[in-house]
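Quick note on numbering: the sequence shown equals residues 1 to 68 in the UniProt record's numbering. Even for Gly, the Cβ is constructed at its ideal location relative to N, Cα and C. In this text, all values refer to a predicted model and were calculated from it rather than measured experimentally.
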Amino acid sequence: KMAAAVRGIALGPALRELRLHLCPRSGGSRGARDFVEQHYVTLKKANPEFPILVRECSGVPARLWARY
């Protein structure tokens, strides 16, 4: 279900960048890590020219920024 939804995502022209910060070990970042592991490649293949940045840093809470 989620993979099909991610495959169909076309990022809008106003969106300039997606940036995801997460901790590689904390439980609070587990959902973000799981999303990246399961869907990053599909999302990137659907939007090859679009900057999708994933940054890991110990102890940071998971956050997603969308830059317009």
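Alpha carbon to alpha carbon, what distance is there between histidine 39 and glycine 28? Straight across, the Cα-Cα distance linking glycine 28 with histidine 39 is about 19 Å.
Run of the alpha helix (DSSP H) containing leucine 18, from where it starts to where it stops: Following the DSSP letters along the chain, one finds leucine 18 in no alpha helix (DSSP H) but inside the beta strand (DSSP E) bounded by residues 17-22.
Sub-7 Å separation of alanine 14 and tyrosine 68 beta-carbons: The Cβ atoms of alanine 14 and tyrosine 68 lie closer than 7 Å to each other.
Local Cβ density within 10 Å of alanine 66, reported as buried at 16 or more and exposed below that: That one is exposed.
Limits of the unbroken alpha helix (DSSP H) element including arginine 30: For arginine 30, the enclosing alpha helix (DSSP H) has its first and last residue at 30-46.
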